[in-house]
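For the sequence shown, my numbering gives the first residue as 1, with consecutive numbering after it. Using N, Cα and C, we set each Cβ at its ideal position, and we do this for glycine too. Bear in mind the structure is a predicted one, so any value in this text is a computation, not a measurement. Structure first, then comments.
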Amino acid sequence: MYQLKICSTFLLSAMLLFANAQYTMVNNDVDANYKLAKDYFLKEQYSLAYPIFKNLHS
1 MYQLKICSTF
11 LLSAMLLFAN
21 AQYTMVNNDV
31 DANYKLAKDY
41 FLKEQYSLAY
51 PIFKNLHS
């Protein structure tokens with residue numbers, strides 16, 4: 001029984017040590033909002049681009 005506790009504790013520790021989380025787009029790309037607004041602007045969707053540009057400007 002003692003050996004089972006040690007083994008399970010070791011396995012849990014190893015899983016937590018090697019667990020990786022996937023980065024979100026916000027964390028990877030600091031210019032994501034700018035690129036999105038620029039994309040809207042180039043597609044002539046000005047009403048969608050304007051609030052994003054306004055938020056970036058302030």
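Going by the beta-carbon positions, is the gap between residue i and residue j smaller than 9 Å?
i	j	result
residue 29	residue 35	yes
residue 55	residue 20	no
Kindly indicate if chain B contains any beta-carbon less than 9 Å away from that of residue i.
i	result
residue 55	The structure shown has no chain B; it contains just one protein chain.
Between residue i and the rest of its own chain, which residues show a CB-CB distance below 7 Å, the 5 nearest in sequence each way excluded?
i	result
residue 41	49
residue 53	37
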